[in-house]
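Chemist:
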Amino acid sequence: ARLADLARPSRLTTGVERDDRALAWARISLDNLVMEQRGVGVYAGFYWFTTYWGRDTFIVLPGALAGGMEFATAREILRSFATYQDRNPVSPRFGRVPNFVTVDQVQYASIDGTWWFVRALDDYWQRSGDHAFAREMMPVVFRACEGALQHAVDAQGLLTHGHGETWMDGGGEANPYSPRGDRSVEAQALFHRGLHVAAKLAARFDGQAAGLQGEKLAQRYDLAARRLWHAFQLHFVSDGRIADHLDPDGTPDRQHRPNGLLALLVSPELFNDDQWRLIVEENQAHTVTPWGVRSLDAADPAYHPRHLLLDRYYYDEAYHNGDIWLWLSGPYVSALPDPRDGFGQTRMLLDEIMDEGAVGTLQEIRDGDRAVSNDEFGGATSQAWSLSELLRNVVDDYLGVDVDLSGEKPLIEISPSLPAAWPLLSGEVRVGEHTLSVDVDRRADGELRVSHHFDEDAPDELREAVRIKAATR
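Going letter by letter, the sequence shown gives residues 117 to 589 in the working numbering.
1) Residue ranges of each alpha helix (DSSP H) run of no fewer than 4 residues wholly in the segment 469-533, ordered along the chain?
2) Look up H402 in the DSSP assignment and say whether it is helix, strand or coil.
3) Just the C-alpha distance for L519 and L177, rounded to the nearest angstrom, thanks.
4) For K525, is the classification buried or exposed, using 16 other Cβ atoms within 10 angstroms of its Cβ as the cut-off for buried?
5) Residue ranges of each beta strand (DSSP E) run of no fewer than 3 residues wholly in the segment 271-297, ordered along the chain?
6) Name the DSSP beta bridge partners of Y159, please?
7) Going by other Cβ atoms of all chains shown within 10 Å of its Cβ, with 16 needed for buried, is M254 buried or exposed?
8) Pick helix, strand or coil for W241, following the three-state DSSP scheme.
9) Beta-carbon within less than 7 Å of F307's beta-carbon, same chain only, minus the 5 sequence neighbours each way: which residues are those?
10) Which two residues bound the contiguous beta strand (DSSP E) that contains V566?
11) Which residues does DSSP list as the beta-bridge partners of E152?
12) Determine contact between the segment 213-226 and the segment 495-502, defined as no fewer than three beta-carbon pairs at a distance below 8 Å.
13) Where does R357 fall in DSSP's three states?
14) Count the C-beta pairs between the segment 330-341 and the segment 311-318 that are closer than 8 Å, then say yes if the count reaches three, no if not.
15) Under 8 Å, do V217 and Y200 count as touching if we go by C-beta distance?
16) Would you call the CB atoms of P364 and G287 closer than 8 Å?
17) Let me know if D561 comes out buried or exposed under the rule of 16 or more other beta-carbons within 10 Å of its beta-carbon.
18) Just to confirm before moving on: does the CB-CB distance between V510 and L119 stay below 8 Å?
19) Less than 8 Å between the beta carbons of R410 and T403, yes or no?
20) So the candidates are L442, E468, V156; which of them puts its Cα closest to the Cα of G484?
21) What would DSSP say about S450, mapped onto helix, strand or coil?
22) Going by the CB atoms, is the gap between A142 and G184 shorter than 8 Å?
23) Among Q304, Y448, N291, which has the Cα closest to the Cα of Q349?
24) In the DSSP assignment, the beta strand (DSSP E) including R558 goes from what residue to what residue?
25) Out of curiosity, what's the CA-to-CA distance linking V219 and G179?
26) Strictly by DSSP, which residues pair up with W441?
27) Which residue from S553, V234, L564 puts its Cα closest to that of S383?
28) Going by other Cβ atoms of all chains shown within 10 Å of its Cβ, with 16 needed for buried, is A325 buried or exposed?
29) How big is the Cα-Cα spacing for G494 and H361?
30) Tell me whether D365 counts as near the ligand ZN, meaning its Cβ is closer than 7 Å to at least one heavy atom of that ligand.
31) Among Y163, S450, A248, which one has its Cα closest to the Cα of R195?
32) Look at the alpha carbon of V558 and the alpha carbon of N437, and state the distance between them as a whole number of angstroms.
33) Considering only residues of the same chain and omitting the five flanking positions on each side of K316, which have a CB-CB separation below 6 Å?
34) Does DSSP put S300 in a helix, in a strand, or in coil?
35) Using the Cβ count rule (16 or more neighbours within 10 Å means buried), how would you classify L426?
36) Okay, do the segment 204-215 and the segment 538-546 touch, 3+ Cβ pairs below 8 Å being the bar?
Pasting the structure below:
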């Protein structure tokens, strides 16, 4: 019954039966990766990653929730990982949430996993309005912030880390194939988001940490976020570029990588409009292809054109040095002023679900230099974040539903961008304990028509909170 409900056409309907089926398969295949092993979690992917990876799990949750994951499931996943947070104040990893959990191992070797956790918690809170759980997790967020401020933040307010502690972790810290220490662009954005979430929690629930309480604690985290912003503007922005990372000596690294897109996704407030445009245009020129987003510019001397080219190099060397990652299409679409301009990425993913590889799901990676003759299945054949980012784009960007129930009053905005390939787009979106149904179609004159309704039990407070922004043609 649960899978039948996930596959229900009314959850997401595009007016194109084939695409509706692809989206239903995406929801089912993502649900298939939710497990109960050491607590509830999400396998990063079949078949290489049948374990809980914190980073992957937390990146997955917003799209999974948009696609129909129950709030109770997301809550248990977050609670399960929070249980393993490093709570030793003298540990250099104090406050970190683990990046790897198996039945016999817990490890903390990532700088970003903890902040993806905080971003996922904030997203859950906004969609669910679950203030009780947000308050329960508040000490976890404070410990994460205090641990970073004590052990990982430099004199200027930037978050530092090892060469192999970001998502581009091929080779690990001992032998990193894509060294990005010691201050990466997305780590700064994630930490910036985390500090703002901590400030929101402190002010909302009169939280206590570092000998401070309530508004004074919120001011501590707001000040740290402002320091980070100033340092970021000073050191990452120069010569019409946003650096991928700063080397340990402070030199901005100029490789063309897609990590600025991740930074835009998690903390757009870190950038002004011109900087936003620079990141989008850089990626359009250097990483975005019709078959996905490369992890490195093809013109870079470190570029590896294929994942499996074992007579020339070990496959992990290509992992983040040229391989296309399907999940990166999600942040790219979200970064565009008009998401419809990125629909080619969505089209490619929908077609893969129906026609390529393990039919019914999305793989992890493909070759940077694509060819029909290539063996492109060296990575996982069903990858959670590839599926979740597709679903997030459809609901959050194309249907355009933005829900925030974390404040004193609910905020619900509908701002659709209907792709030309779809005559309509309809979906059911959970808003706390209720369901908002949104229908978008195109009139004969090309203008969009938007309608919406809540379930009959929804309170007037939610109904009156809905705002429809000017729909695009």
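Backbone N, C-alpha and C fix where the C-beta goes; we use that ideal spot for every residue, glycine too.
What you are looking at is a predicted structure, and each value in this text was computed from that prediction instead of being measured.
Modeler: On the basis of the data shown:
1) Counting whole runs of 4 or more residues, the segment 469-533 contains the alpha helix (DSSP H) stretches 500-508.
2) Locating residue 402 in the sequence shown gives position 286, counting from the first residue. When DSSP states are grouped into helix, strand and coil, H402 belongs to the helix group.
3) Numbered from 1 along the sequence shown, position 403 holds the residue referred to as residue 519. Numbered from 1 along the sequence shown, position 61 holds the residue referred to as residue 177. The question names Leu, but residue 519 is Val in the sequence shown. Going from the Cα of V519 to the Cα of L177 covers about 15 Å.
4) As a working mapping, residue 525 is identified with position 409 in the sequence shown. K525 comes out exposed.
5) None, since the segment 271-297 contains no complete beta strand (DSSP E) of that length.
6) Here residue 159 refers to the residue found at position 43 of the sequence shown. Per DSSP, the beta bridge partners of Y159 are Y168.
7) Your numbering for residue 254 matches position 138 in the sequence shown. Buried, by the Cβ-count rule.
8) Within the sequence shown, the letter at position 125 stands for residue 241. Looking at W241 - three-state DSSP - the assignment turns out to be helix.
9) Indexing the sequence shown from 1 puts residue 307 at position 191. Same-chain partners within the cutoff: W231, A264, L275, L344.
10) The residue given as residue 566 occupies position 450 in the sequence shown. According to the DSSP assignment, V566 belongs to the beta strand (DSSP E) that extends over 564-570.
11) Position 36 of the sequence shown holds residue 152. By DSSP's assignment, E152 forms a beta bridge with V156.
12) With contact defined as three or more Cβ pairs closer than 8 Å, the segment 213-226 and the segment 495-502 are not in contact.
13) Counting from 1 along the sequence shown, the entry for residue 357 is found at position 241. Reduced to three states, the DSSP call for R357 is strand.
14) Yes: the two stretches touch, three or more of their Cβ pairs being nearer than 8 Å.
15) As a first step, residue 217 must be located in the sequence shown, where it is residue number 101. As a first step, residue 200 must be located in the sequence shown, where it is residue number 84. One thing to note: V217 has its Cβ within 8 Å of the Cβ of Y200.
16) Within the sequence shown, residue 364 is the residue found at index 248, counting from 1. Within the sequence shown, residue 287 is the residue found at index 171, counting from 1. In this structure, the beta-carbon distance from P364 to G287 does not fall below 8 Å.
17) Counting from one through the sequence shown, the residue named residue 561 turns up at place 445. The residue is exposed, with fewer than 16 neighbouring Cβ atoms inside 10 Å.
18) Walking along the sequence shown from the start, residue 510 turns up at place 394. Walking along the sequence shown from the start, residue 119 turns up at place 3. It is not a contact, given that the beta carbons lie outside the stated cut-off.
19) As a position in the sequence shown, residue 410 is number 294, starting the count at 1. As a position in the sequence shown, residue 403 is number 287, starting the count at 1. Yes, Cβ-Cβ distance for R410 and T403 is below 8 Å.
20) Translated into the one-based positions of the sequence shown, residue 484 becomes position 368. Across the set L442, E468, V156, the C-alpha of L442 shows the shortest separation from the C-alpha of G484.
21) Sequence index remark: in the sequence shown, residue 450 carries index 334 (1-based). In the three-state DSSP reduction, S450 falls in the helix class (H, G or I).
22) On the sequence shown, position 68 is the one that residue 184 refers to. On the sequence shown, position 26 is the one that residue 142 refers to. No, they are not a contact pair.
23) On the sequence shown, residue 349 is found 233 positions in, with the first residue counted as 1. When each option's Cα is compared against that of Q349, the closest is Q304.
24) If you number the sequence shown from 1, residue 558 lands on position 442. Element bounds for R558: 550-558.
25) What you label residue 219 is simply residue 103 of the sequence shown in a count that begins at 1. What you label residue 179 is simply residue 63 of the sequence shown in a count that begins at 1. Rounded to the nearest whole angstrom, the C-alpha separation of V219 and G179 is 26 Å.
26) The residue you call residue 441 lines up with position 325 of the sequence shown. According to DSSP, which records beta bridges pairwise, W441 is partnered with V409, I481.
27) For the purposes of this step, residue 383 is taken as residue 267 along the sequence shown, with counting starting at 1. Proximity to S383 across S553, V234, L564 peaks at V234, based on C-alpha coordinates.
28) Position 209 of the sequence shown, counted from the start, is the residue given in the question as residue 325. Under this definition A325 is a buried residue.
29) As a working note, residue 494 is residue 378 in the sequence shown. As a working note, residue 361 is residue 245 in the sequence shown. Roughly 28 Å between the two C-alpha positions.
30) Ligands are entirely absent from the displayed structure, and the ligand ZN is therefore not among its contents.
31) Here residue 195 refers to the residue found at position 79 of the sequence shown. Measuring from the Cα of R195, the nearest candidate turns out to be A248.
32) Counting from 1 along the sequence shown, the entry for residue 558 is found at position 442. Counting from 1 along the sequence shown, the entry for residue 437 is found at position 321. The residue you asked about is not Val; residue 558 is Arg in the sequence shown. In a straight line, the C-alpha of R558 is about 42 Å away from that of N437.
33) Translated into positions along the sequence shown, residue 316 becomes position 200. Take K316, set aside five residues on each side of it, and no residue of its chain has a beta-carbon closer than 6 Å to its own.
34) Walking along the sequence shown from the start, residue 300 turns up at place 184. Three-state DSSP puts S300 in a strand.
35) Translated into the one-based positions of the sequence shown, residue 426 becomes position 310. Its Cβ having fewer than 16 others within 10 Å, L426 is exposed.
36) The segment 204-215 and the segment 538-546 do not touch, with fewer than 3 CB-CB distances between them shorter than 8 Å.
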